[in-house]
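For the sequence shown, the working numbering gives the first residue as 108, with consecutive numbering after it. Note that the Cβ used here is the ideal one computed from N, Cα and C, for glycine as well. To keep things clear, I will list the structure first and then write my remarks on it.
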Amino acid sequence: MVLIKKTHPLTKVESKLLNSIKKEKTIKFFEKYKIKGLIDQDPGEKIPSFSNILKKTSYSVIRIPNQPWEVRFNFKKTRGVTKIFLHNKYDSGKPSLIFHHGLASSKNTELKVFLNSIFLDKFNVFSIKAANHDSLRQVIRQCVNKFMNLATTTCASVIAINEIVNFIRDNSDKPIFVVGLSMGGIVTGLHYFYFGTANFYFPIIAYPNFGEIILSEKNRPLIHNYQKLSRNASIKNCFEIPKVLKKKPKEKIYPILGSNDELIDFKDAQKFWKGYKTKTFNTGHFSIALKIGEIRNYILETSGVQ
């Protein structure tokens, strides 16, 4: 597995990003860069459940020395490659942290902002690069253009988390933390419900029902042919968590929400996470990054890692 050199938060690039976040509305950001979701989606297509997609996705894991691991997956006509990175030398005596980025993040910026020397010193740090995320153009044309592309991309990331967890379990008895932002938070939540084999989960500004999120009224301006697609119940219900899976230990997962989120409906997120120990910041979807220091501390305090 390739080792990435240590990254430190708030370099010049990240500082510029955070400054722009303070001024820019999310919807305007997407309009500026002409990002429109589900542009190639057939409104009448019947979408299988995520459970079915997860069960029927075939995959192989390629592990070449000094290279990222690759999870090569296939589900019917959709296929892709999800990559796994290790950001420091693996030490079986340390706990491990797995980080997953948000949708359309192709330059590792979120990870650079999230990481600091404490995490790099005290944890084995893994990250996942979702399939179809080599560039914004690829995200638009091969990921968010069709719901099944988005669903299988998400599924492959859940599988990637599980591959990392299995690797760690084979080599260590130290705790495993999964942290994900936005789409990464959805992936984090899905792994918790479908596998639950890590010790702690921190889904940030997210809840697992991706279909409901995408077709919420808030995201109408971002979805092509919204009126017709919103009538497709199979899209809305694809990521619905089966009742039998909701019986997981609630003390393992700690959702983090933004009360002014422009993309994830805060009330819907609150409703989903009712009964769980949630932490809420008075931020929007992107501006949650301004609270990154508090989020880091919350993760460390909750997990008991000193």
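Counting only unbroken stretches of 4 or more residues, the alpha helix (DSSP H) elements lying wholly within the region 351-407 are 373-379, in sequence order. The shortest C-alpha to C-alpha distance from K229 to any of K201, K381, F379 is the one to K201.
Taking the CA atoms as reference points, T164 sits about 11 Å from A258.
Counting only runs of 3+ residues, the beta strand (DSSP E) found wholly inside the region 237-325 occupies 283-288, 307-311, in chain order. The shortest CA-to-CA distance from I348 to any of G151, F221, F157, K153 is the one to F157. For a cut-off of 8 Å, the C-beta gap from V272 to T304 is around 5 Å, short enough to register as a contact. Per DSSP, reduced to three states, the secondary structure at V220 is helical. As the crow flies, the alpha-carbon of T385 is around 11 Å from that of Y405. Nearest C-alpha to N278 among S199, N306, I154: S199. The Cβ atoms of L145 and N252 sit closer than 8 Å to each other. Collapsing the DSSP output to three states places N195 in coil. A straight line joining the alpha-carbon of A263 with that of Q148 spans about 20 Å. Between the beta-carbon of I205 and that of F226 there is about 12 Å, and that puts the pair past the 8 Å contact cut. Residue pairing of E177 in beta bridges, as defined by DSSP: I169, K190. Looking at the DSSP output, L204 bridges to V232, F284. Membership of A211 in any alpha helix (DSSP H) is not indicated, and neither H nor E is assigned to it by DSSP. Contact between V188 and A267 fails: their C-beta atoms lie close to 10 Å from each other, not under 8 Å. About 6 Å separates the Cβ atoms of L322 and I342, confirming a contact at the 8 Å cut-off. Cβ contact annotation for G209 (same chain, cutoff 7 Å, sequence separation greater than five): E217, L288, S289, M290, G291, in chain order. One alpha carbon belongs to I320, the other to Q249, and they sit about 19 Å apart.
Contact between the region 392-408 and the region 372-384 is absent, with fewer than three C-beta pairs closer than 8 Å. With 16 or more other Cβ atoms from the protein chains shown falling within 10 Å of its own Cβ, P310 counts as buried. A396 and P362 have their C-alpha atoms spaced approximately 15 Å apart. Straight through space, the alpha carbons of N215 and S224 are spaced by roughly 17 Å.
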